[in-house]
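J.: Using UniProt numbering, read the sequence shown as starting at 1 and increasing by one per residue. Ideal placement from N, C-alpha and C gives every residue a C-beta, glycine not left out. Pasting a structure here, questions to come.
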Amino acid sequence: MLVNGAIVAGKGAGSVKTRSSEETEQIRVILRSRFDELNAEYEEAAAQNHRLRLVEIGDAAGDDQADSGSKTAERDAASSLLRTLLERRTQAEHALQRLDAGSYGNCEGCSHPIPVERLEVFPSATTCVNCKAVRERRAS
Numbered sequence: 001m002l003v004n005g006a007i008v009a010g011k012g013a014g015s016v017k018t019r020s021s022e023e024t025e026q027i028r029v030i031l032r033s034r035f036d037e038l039n040a041e042y043e044e045a046a047a048q049n050h051r052l053r054l055v056e057i058g059d060a061a062g063d064d065q066a067d068s069g070s071k072t073a074e075r076d077a078a079s080s081l082l083r084t085l086l087e088r089r090t091q092a093e094h095a096l097q098r099l100d101a102g103s104y105g106n107c108e109g110c111s112h113p114i115p116v117e118r119l120e121v122f123p124s125a126t127t128c129v130n131c132k133a134v135r136e137r138r139a140s
């Protein structure tokens, strides 16, 4: 796996060498592909949300409380999906920007390398596991 300007082998402590332009391009392709997938999902979800609202506008007459509640729950679920997709798309875009800036693979909190295993699972990660845990504890 390629991280913070280097290829890290094993647990990341041992061998480190400079990332080649081919390796950087590999990362870019992966991140761009993820961004494009998320963008397509977002656009589709936005179109579905728009259709749902149009149906809702034309179909509201005679609704009882249960119908109204169901429509509200559907609208909330659609809005939540849109927010989630937008956030994930933004994360992928941010990872691409970090790659261009040369800071991809370094924790934004402590500047240490993000573990290879974390980047393999979540290529848009901007923090190491420790900094992420601290943020989550502070948020709760």
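Between residue 30 and the rest of its own chain, which residues show a CB-CB distance below 7 Å, the 5 nearest in sequence each way excluded?
T.: 123
J.: Thinking C-alpha only, which one of 45, 131, 97 is nearest residue 84?
T.: In terms of CA proximity to residue 84, 45 leads the group 45, 131, 97.
J.: What does the alpha-carbon distance come out to for the pair residue 28 and residue 106?
T.: 16 Å
J.: Whole angstroms is fine: what's the gap from residue 55's alpha carbon to residue 71's?
T.: 10 Å
J.: Could you compute how far the alpha carbon of residue 51 sits from the alpha carbon of residue 75?
T.: In this structure, the straight-line span from the alpha carbon of residue 51 to that of residue 75 is close to 11 Å.
J.: Short of 7 Å in beta carbon distance, which residues of its chain neighbour residue 12, apart from the five on each side in sequence? Order them along the chain.
T.: The predicted model places residue 12 with a pLDDT of 43, which falls under 50 and marks its position as unreliable, so this point remains unresolved.
J.: Run the CB neighbour count on residue 91, radius 10 Å, all protein chains shown included, and call it buried at 16 or more, exposed below.
T.: By the 10 Å Cβ count, residue 91 comes out buried.
J.: Given residue 137, which residues of its chain have a CB within under 8 Å of its CB, disregarding the five upstream and five downstream residues?
T.: none
J.: State buried or exposed for residue 128, treating a residue as buried only when at least 16 other CB atoms are found within 10 Å of its CB.
T.: buried
J.: Roughly how many angstroms separate the alpha carbons of residue 79 and residue 35, rounded to a whole number?
T.: 20 Å
J.: Let me check one thing: in DSSP terms, what residues is residue 113 bridge-paired to?
T.: Its beta-bridge partners are 106.
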